[in-house]
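What follows is a single structure, written as structure tokens, with notes after it.
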Amino acid sequence: MVDILGVNHFAISVGDMEETIDWYHRVFGFEVFDRSEIPGTGIKVCHMTGHGLILEVFCPPGGNNLPEERKVPNQDLMTNGNKHISFGVADGKKAKEQLIKHDVEIVFEALVDDTYGIFIHDNTGNLIEIFEEAGPWWEKIKKRL
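By the working numbering, the letter at position 59 of the sequence shown is numbered 52, and the numbering carries on one by one without gaps.
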């Protein structure tokens, strides 16, 4: 068994690096840590940090847009692969209000069992879940973490 220390980072590909940097800074407070380019590819890379997380952003020249079906939470479940990143919050309703103030569209709202979450898109269309870390289900699972 490999002894994993934790999640190291999550990565996204985008069409506009500067717009993405601005969006993640404005909405979630992420800061640019470094920038580089993958040699011989023209692919720009930016690492951003915030809330104990690392976001790796790739911006390939002429990259393909995210297919529309990947932007709808329940529809995206029908495509194999990674689904979304989920940020935990103490108060989901308050987070929703803050996102709306930043002109972020709420794509989907979910109340499953005793958990509350909302889904949004970043400026490129990547799915992000905002998950309220509260209630009996959360209390039960966090004991296993």
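All C-beta atoms, glycine included, are put in the ideal place defined by N, C-alpha and C.
N-terminal and C-terminal residue of the beta strand (DSSP E) that residue i is part of
i	result
residue 4	3 to 6
residue 124	120 to 125
residue 42	36 to 43
residue 50	46 to 52
Residue(s) in a DSSP beta bridge with residue i
i	result
residue 103	110
residue 27	40
residue 81	124
residue 65	Its beta-bridge partners do not exist; DSSP assigns none.
CA-to-CA distance, residue j to residue i, given in whole angstroms
i	j	result
residue 17	residue 70	24 Å
residue 97	residue 83	19 Å
residue 87	residue 134	23 Å
residue 92	residue 62	23 Å
residue 81	residue 72	24 Å
residue 111	residue 90	11 Å
residue 100	residue 79	14 Å
residue 114	residue -6	35 Å
residue 57	residue 38	16 Å
residue 130	residue 51	35 Å
residue 127	residue 8	35 Å
residue 124	residue 34	36 Å
residue 138	residue 74	24 Å
residue 28	residue 15	14 Å
residue 106	residue 36	42 Å
residue 102	residue 85	10 Å
residue 1	residue 53	22 Å
residue 108	residue 19	27 Å
Expected contact under 8 Å - CB spacing of residue i and residue j to nearest Å
i	j	result
residue 77	residue 5	Not really, about 11 Å apart at Cβ, beyond 8 Å.
residue 41	residue 23	4 Å
residue 59	residue 117	6 Å
Residue i: first and last residue of the uninterrupted alpha helix (DSSP H) it sits in
i	result
residue 20	10 to 21
Inter-stretch contact at 8 Å, needing at least 3 Cβ pairs: the stretch 59 to 75 / the stretch 40 to 51 | no
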